[in-house]
Amino acid sequence: MLDCFGVKIRILKKALIFCILLLSSVSYAQLHHQTIGALGGSQVKSNYHVSHSVGQSSVVGASQLSSTLISQGYQQAILNEYVLQSSPNVYEVKFYPNPFSTQLTFELPLDYDNLQITIIDLRGRSVLTEMLTTANQSIVLKLPSLSDSEYIITLTALDFYFQTKIIKKL
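In the numbering used here, each number is its position in the sequence shown, counted from 1, plus 944.
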């Protein structure tokens, strides 16, 4: 007789656990489809425009007066139309060797009085920023102190821009 009650108790425990799991999954599914109401507004003063939103289910937008832009919540910034002008001068730059060990040579299309060289590591940190004047349309960068890694080098001057990846290896 005791086995009979033991079996019934085990069956009841399993049925109870099944019911609890079933109810929790049903209530989760109902909670999943609930949303909160949307609320928002905006104020325009003499030199600024403030807009705000809470609980919205779609993009509202942002506002700008003169140079002040204020937005809050899930709002999309104002999109301006820009026309990019292509550079009138497309130059070919040669650089070697890559990978390099101690120095890197760049052959440029012209000589530049103020050529800015910026080297950035893979973490986005500026490793070197230098202003140079070129001679014979080339520069030789001596970089023995750089660690073995990949870098982004940028050469910038008036009406000239060049960027590429360089690799330092011993």
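For each residue, glycine too, the CB sits at the ideal point set by N, CA and C.
Residue j and residue i - do their beta-carbons sit closer together than 7 Å?
i, j, result
"S1131", "E1036", "Absent from the structure is residue 1131, since the part of the chain shown begins at 945 and ends at 1114."
Near residue i, what residues of its chain come up, given a Cβ to Cβ distance below 6 Å and the 5 sequence neighbours on each side ignored?
i, result
"T1077", "D1057"
"T1098", "T1062, Q1107"
"T1073", "T1062"
How many angstroms separate the CA atom of residue i from the CA atom of residue j?
i, j, result
"S1045", "K1113", "5 Å"
"C898", "L956", "Past the boundaries of the shown model lies residue 898; the chain is included only from 945 to 1114, so the question cannot be answered."
"L1090", "I1064", "11 Å"
"I953", "I961", "12 Å"
"M1075", "Q1060", "4 Å"
"K989", "N1042", "58 Å"
"I1096", "G1068", "9 Å"
"K958", "L965", "11 Å"
Leaving out five residues on either side along the sequence, give the residues of the same chain with a beta carbon under 8 Å from the beta carbon of residue i.
i, result
"H977", "Caution is warranted here: a pLDDT of 49 is assigned to H977, below 50, making its placement in the model unreliable, and the coordinate value is therefore given only provisionally. Here the set comprises nothing."
"L975", "The predicted model places L975 with a pLDDT of 49, which falls under 50 and marks its position as unreliable; any figure quoted below should be read in that light. Hits under 8 Å: none found."
"Q1079", "The amino acid occupying residue 1079 in the given sequence is Ala; Gln does not appear at that position. Excluding residues within five positions, the ones whose Cβ falls inside 8 Å are D1055."
"L1102", "Y1056, N1058"
Below 7 Å CB to CB, which residues in the same chain sit around residue i once its five sequence neighbours on both sides are set aside?
i, result
"L1048", "F1039, L1085, L1087, I1110"
"L1066", "S1093, E1094"
"S1070", "T1062, I1064"
"T1100", "Q1060"
Does the beta-carbon of residue i, which I'm using as the reference point, lie nearer than 6 Å to any heavy atom of the ligand SAH?
i, result
"L1052", "Of the ligands one can find in the structure shown there are none, so the ligand SAH has no counterpart to examine."
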